[in-house]
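So the protein lines, in turn, are chains A and B. Take 295 as the starting number for the first sequence in the working numbering and just add one per residue. Take 1072 as the starting number for the second sequence in the working numbering and just add one per residue. Heads up, the beta-carbon is just placed ideally off N, CA and C, and yes, glycines get one too. Notes follow once the structure below has been shown.
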Amino acid sequence: MAPPASKVMQAKEAIGTFVHDGDHLVIGNYTVGTCAELVFEVIRQHKKGLTLYSQSGVFDVEVLVAGGCVDRLVSTYVYRAGGKEGGSAVERALQAGTLEMEDYTNFQYNARLVAGMHGFTYMQVLEGAMVTDLFKKRSFLGKDKYRVITCPYTGKQVLTVPAANPDVCIVHVQRSDKFGNAQYWGALGSVAAAALASKHIIVSCEEVVEHDIIQSSPHLTIIPAYRVDAVVEIPWGAHPTEVLGYYNLDRAAYANFFMADMTGDGLKNWMDEWVYASRDRQAYLDNYISKFGSQGLDAIRAKAYYSAPANYGAAYTSCWDNENRERTMGVTLAELEKIMEERGLLYG
Amino acid sequence: MAKRYTLDELLIITVAREIHDHDRVILGVGLPTTAGAMAKALHAPHATLMMESGIIDFEPLVPPNHIADANACRGFSSATDLFSMFTMTYRGFVDVCFLGVAQIDKFGNINTTVIGDYYKPKLRLPGSGGACDFLSYAKHTILTMRGGEFVQKLDYFTSPGYLEGGDSRDKSGLFPIGSGPSMLLTTKGVFRFDPVTKELCLAQVHPGVSLDMVKKDIPWDLKVAQDLTVTPAPKDEEIDFIRRFAPTEAVGRKMMYELGMINALRKMQERAK
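Structure (structure tokens):
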């Protein structure tokens, strides 16, 4: 069956359709502006047994682990609330033996996705890590965490990581058209690679915009429509994290999460309120406004600082000039057809 | 009465019909882009048209001058790089691509590099460009040959078709199973590939072309389809589209140069007045 032209749907439908128990799920965003509402929806739907990929886990990884969705984690950075005295859901799960984790460097993690994005089976990474415990201590990937090969050109020992092709990427961007041309700007990180390496892509965005907006700024498109399965319009979809051009990090709301995350019970209470009791982002925002007022959101709303537009225009967009003459041959269509007839060029 | 058409229009429209709705298509300059533009406008509105330079999802408004000609469209949906265009093909995201042919053998292997000895060429042709990698990994490749030749042995093997025929392409382990050239269009007819032996098989002749006229170009005993047909005539709306979009291609290169010269002279004379 032909795919529908418009891929716009609700978060509930997108996660329900494309994320399955046991999947390899990658959070496309990293450190900045995460796909908070898509993450919450995964938790609300009680997805189980996920292998989660995250470049730098922040609160998104914490809540997915605390929500019992994740068996295995591939990452480079564990979020920890409150220093030595604090805690983290990842740490608690590791201590409880309910989570396995494979540690990589930022570069190695990104290289796995770049390899996957391009269809390669492995990628060369920086060999210094070979002397470290990153190389020596291995978890569920075992021998396939890294392999060492001999460079055929120099004879040098080269460190490699295997390609990653997660089943699904969830990612939040600034804007998309209804077809799924997803535009993202700011710190590019590993966002495009995470999405393009994956078999299915769910995009949430602050705004669904007209196709014409996309066509006049194709350099901002990081995921072309033909790769995208679902487009979910979620204003404030990354809150309490930030989206460049839309809103800043909500420091107060983030601190609220941070304090809660120091203990398992604290995080559970936080999730009861902000994830489970809020059936969608609107409910989450209603709760936020009822507690803190709308000033909190107004204070972090971005003021405009537009990039200079790039001119994608051409001298003309038709072979026919203003007098309806073809630009090279200087004849009208009627004259051209007459010439075809006279010269015996026509069949049929 | 149905509209009458030029040979060039027939060729363009015949390959345009190989593009289906929702296909992801890599287009080259000339006939393929015009075919792609027609398909998108008339029967494949959801096709994603792309050029290997990194232009994704464009709607051509005039025929492009080269494969990086963003002037030929009013914007496009996604700008990427050449490397990613090829790796997306490698990963199986490209349904159809188009390649021009200088020499072709019985099993659809292609030469676009040289005529004569490689080191002392008689004719040095462009080379691979995108051809080798696209013919390797696109799901289907449409081959077009207007000035080229059928040969027993290629002077240079640029791009892999069905290798030695039969299942040799699939068995090599180098290519996606089932990939390869799906059609060859010439000025005389349309060839497909035998599903078992993978040799070229004449499927259609263009109006006014006899079987002998096709056979005389081919240095082996040509396989001919049991149900050999005449290439269907274009529809009026297809002809109208081609003439509007690419009038210079509708009349063919020779006539374009002739009329173009006359036009250039006329403009010079007007200026002299």
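If you draw a straight line from the alpha carbon of residue 1219 of chain B to that of residue 1259 of chain B, how long is it in whole angstroms? Distance between the alpha carbons of residue 1219 of chain B and residue 1259 of chain B is about 12 Å.
How big is the Cα-Cα spacing for residue 1204 of chain B and residue 1168 of chain B? Those two C-alpha atoms are separated by around 11 Å.
Using CA atoms only, rank isn't needed, just tell me which of B:1114, B:1125, B:1113 is closest to residue 1099 of chain B. Looking at the Cα atoms, B:1125 is the closest of the given residues.
Anything in the segment 502–532 of chain A with a Cβ closer than 7 Å to a Cβ of chain B? List those residues in chain order, please. Hits within the stretch, in order: 508, 509, 510, 512, 513, 515, 518, 519, 520.
For a cutoff of 7 Å on Cβ pairs, would you count residue 319 of chain A as touching chain B? So, not an interface residue.
Counting along the chain, where does the alpha helix (DSSP H) carrying residue 1298 of chain B start and finish? Note, residue 1298 of chain B: premise wrong, no alpha helix (DSSP H); beta strand (DSSP E) at 1294–1301.
State the CB to CB distance for the pair residue 1320 of chain B and residue 1101 of chain B, rounded to an integer number of angstroms; the pair is presumed to be in contact (CB under 8 Å). 7 Å between Cβ atoms; contact.
Could you tell me if residue 504 of chain A is buried or exposed, where buried requires 16 or more neighbouring beta carbons within 10 angstroms of its beta carbon? The residue in question, residue 504 of chain A, is exposed, as its Cβ has fewer than 16 Cβ neighbours within 10 Å.
Element boundaries [alpha helix (DSSP H), containing residue 389 of chain A]: Per DSSP, residue 389 of chain A belongs to the alpha helix (DSSP H) from 383–390.
Who does residue 1271 of chain B pair with in a DSSP beta bridge? In the DSSP output, where bridge partners are listed per residue, residue 1271 of chain B has B:1264.
Residue 1104 of chain B and residue 1135 of chain B - do their beta-carbons sit closer together than 7 Å? Yes, Cβ-Cβ distance for residue 1135 of chain B and residue 1104 of chain B is below 7 Å.
Where residue 1122 of chain B sits in the DSSP three-state scheme: It is a strand residue.
Assigned secondary structure, residue 628 of chain A (DSSP; H/G/I helix, E/B strand, else coil): If DSSP states are grouped into helix, strand and coil, residue 628 of chain A belongs with the helices.
Report the rounded CA-to-CA distance for residue 617 of chain A versus residue 609 of chain A, giving the unit in angstroms. If I take the Cα positions, the gap works out to 16 Å.
Check for me: the beta strand (DSSP E) holding residue 524 of chain A runs from which residue to which? Taken as a continuous stretch (DSSP letters only), the beta strand (DSSP E) holding residue 524 of chain A covers 524–527.
In or out: residue 1328 of chain B buried (at least 16 other Cβ within 10 Å) or exposed? So residue 1328 of chain B counts as exposed.
Does residue 305 of chain A pass the burial test, meaning 16 or more other C-beta atoms within 10 Å, or should it be called exposed? Label assigned to residue 305 of chain A: buried.
Pick out whichever of B:1344, B:1314, B:1238 has its Cα sitting closest to the Cα of residue 631 of chain A. The option with the nearest alpha carbon to residue 631 of chain A is B:1314.
Using a threshold of 7 Å, state whether the C-beta atoms of residue 1166 of chain B and residue 1095 of chain B are closer than that. With respect to residue 1095 of chain B, residue 1166 of chain B sits close: the two C-beta atoms are nearer than 7 Å.
Considering Cα atoms alone, identify which of B:1339, B:1318, B:1337 is closest to residue 613 of chain A. Taking only the C-alpha atoms, the option nearest residue 613 of chain A is B:1318.
Between residue 1147 of chain B and chain A, is any beta-carbon pair separated by less than 7 Å? Taking CB atoms only, residue 1147 of chain B has a neighbour in chain A less than 7 Å away.
Residue 586 of chain A, enclosing alpha helix (DSSP H) - first and last residue: From DSSP, the alpha helix (DSSP H) with residue 586 of chain A extends over 575–586.
The segment 602–625 of chain A: which residues have C-beta closer than 9 Å to a C-beta of chain B, in chain order? Against chain B - using a Cβ distance shorter than 9 Å - the residues of the segment 602–625 of chain A are 606, 607, 608, 609, 610, 611, 612, 613, 614, 619, 620, 621, 622, 623, 624, 625.
So, helix, strand or coil for residue 1259 of chain B, using DSSP? It is coil, neither helix nor strand.
Output yes or no for whether 7 Å exceeds the beta carbon distance between residue 1251 of chain B and residue 1233 of chain B. Between residue 1251 of chain B and residue 1233 of chain B, the CB-CB gap stays under 7 Å.
Over the uninterrupted beta strand (DSSP E) stretch that includes residue 1150 of chain B, give me the two end residues. Note, residue 1150 of chain B: beta strand (DSSP E), 1144–1150.
Rounded separation between residue 423 of chain A and residue 397 of chain A - CA only: Across the structure, residue 423 of chain A and residue 397 of chain A are spaced so that their CA atoms are roughly 12 Å apart.
Limits of the alpha helix (DSSP H) - the one that residue 1283 of chain B falls within: First-last of the alpha helix (DSSP H) with residue 1283 of chain B: 1282–1286.
Indicate whether at least one CB of chain A lies closer than 7 Å to the CB of residue 1142 of chain B. Look at residue 1142 of chain B: its C-beta is under 7 Å from a C-beta on chain A.
To be precise: take each residue of the segment 412–427 of chain A, compare its Cβ to all Cβ atoms of chain B, and keep it if any distance is under 9 Å. Which residues remain? Residues 412, 413, 414.
7 Å Cβ cut-off: residues of chain A touching residue 1075 of chain B: Simply 640, 641, 642.
By how many angstroms is the C-alpha of residue 363 of chain A removed from the C-alpha of residue 335 of chain A? C-alpha separation (whole angstroms): 11 Å.
Kindly confirm or deny that the segment 414–421 of chain A and the segment 445–460 of chain A touch, where touching means at least three C-beta pairs closer than 8 Å. The segment 414–421 of chain A makes contact with the segment 445–460 of chain A, as at least three CB pairs between them are under 8 Å.
Fully enclosed by the segment 488–553 of chain A, which alpha helix (DSSP H) runs are 4 residues long or longer? Counting only runs of 4 or more residues that sit fully inside the segment 488–553 of chain A, the alpha helix (DSSP H) segments are 505–509, in chain order.
Cβ-based neighbour list, residue 524 of chain A, same chain, cut-off 6 Å, excluding 5 preceding and 5 following: Contacts found: 301, 303, 308, 496.
Report the neighbours of residue 1317 of chain B on chain A: residues whose CB is nearer than 8 Å to its CB, in chain order. Within chain A, the residues near residue 1317 of chain B are 613.
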